[in-house]
């Protein structure tokens, strides 16, 4: 079992829909990343959080440390949001290594 | 965008040849990382560096070596490339203050094909 599990693996939605992508992890963490990767493109950091909630434009990330769970929400989704969204965690152990989920492929249909 | 470049961006090589990938940063960050990305797997850490001449292995380090002789450059070498090393390779950087964790920033990636 992977230390970081994302669901769903694939998600197709209509433009304008509210999107939720989930990330569950099994170890104690000090931080969690949400990353975005467009097809054939590089990887962009969206959020880094260790508690509560962060918002940037139409994107909202929440984390519940006790439940070892984080969600990424996209409001008023747009075709340009189509990408792979990756969750990564930094364990409480003393190095800088991240453990990554396998990603959620999001497709927004116009 | 963080100043990270990777070279080459694409490479096709033959089994048994040596290959070196370069990551260059202009941010003066302490930590640098090499990952590989393959279908069905999350990004996996190959090696990382926590300072000039200071490196450590990641989870998939077999068949790879690294060097960091300057803060800005982190080289990944495949001494004798194999087809299983066909992948997309990403470099990342982060700065780390004592007692805190800073996010990682990723380079554009290098697509390597070993025939």
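Residue numbers (my numbering), protein chains in the order written: chain F, 3 to 112; chain P, 29 to 143. A virtual CB, placed ideally from N, CA and C, is assigned to each residue, including glycine. Predicted model only: the values in this text are computed from it and were never measured.
Classification of residue i by the beta-carbon crowding that lies within 10 angstroms, buried from 16 upward
i             : result
residue 79/F  : buried
residue 111/F : exposed
residue 142/P : buried
residue 17/F  : exposed
residue 57/P  : buried
residue 70/P  : buried
residue 132/P : buried
residue 103/F : buried
residue 38/F  : buried
residue 65/P  : buried
residue 68/P  : exposed
For residue i, the residue or residues it bridges with in DSSP
i             : result
residue 61/F  : 58/F, 76/F
residue 48/F  : BP columns for residue 48/F are empty, so no partner.
residue 109/P : Answer is none; residue 109/P lacks a bridge partner.
residue 9/F   : 24/F
residue 107/F : 12/F, 86/F
residue 82/P  : 79/P
residue 45/P  : Answer is none; residue 45/P lacks a bridge partner.
residue 101/P : 52/P, 98/P
residue 141/P : 40/P
residue 32/P  : 53/P
residue 66/F  : 71/F
residue 101/F : 91/F
residue 115/P : 140/P
Spatially closest choice to residue i from the options, by CA coordinates
i             : options                 : result
residue 53/P  : 64/P, 35/P, 45/P        : 35/P
residue 8/F   : 31/F, 20/F, 72/F, 67/F  : 72/F
residue 38/P  : 66/F, 62/F, 53/F, 42/F  : 42/F
residue 15/F  : 82/F, 44/F, 67/F, 101/F : 82/F
residue 101/F : 44/F, 23/F, 36/F, 19/F  : 36/F
residue 114/P : 31/P, 135/P, 83/P, 43/P : 43/P
residue 90/F  : 61/F, 60/F, 70/F        : 70/F
residue 76/F  : 10/F, 26/F, 13/F, 20/F  : 20/F
residue 60/F  : 54/F, 22/F, 51/F        : 22/F
residue 106/F : 17/F, 26/F, 18/F        : 26/F
residue 91/P  : 105/P, 100/P, 139/P     : 105/P
residue 34/F  : 84/F, 85/F, 74/F        : 74/F
residue 123/P : 55/P, 40/P, 33/P, 41/P  : 55/P
Residues near residue i in its chain [Cβ-Cβ closer than 6 Å; skip 5 each side]
i             : result
residue 146/P : Absent from the model: residue 146/P. The displayed extent of chain P is 29 to 143, so no value can be given.
residue 29/F  : 5, 93
residue 137/P : 116, 118
residue 78/P  : 59
residue 24/F  : 9, 73
Contact set for residue i: own chain, Cβ-Cβ below 8 Å, skip 5 residues either direction
i             : result
residue 103/P : 48, 49, 50, 51, 94, 95, 96
Coarse secondary structure for residue i, derived from DSSP in three states
i            : result
residue 66/P : coil
Contacts around residue i, its chain only, beta-carbon distance under 7 Å, and the 5 residues preceding and following it disregarded
i             : result
residue 21/P  : It is not possible to answer for residue 21/P, since the shown part of chain P is limited to 29 through 143.
residue 107/P : 46, 93
residue 32/F  : 52, 92, 94
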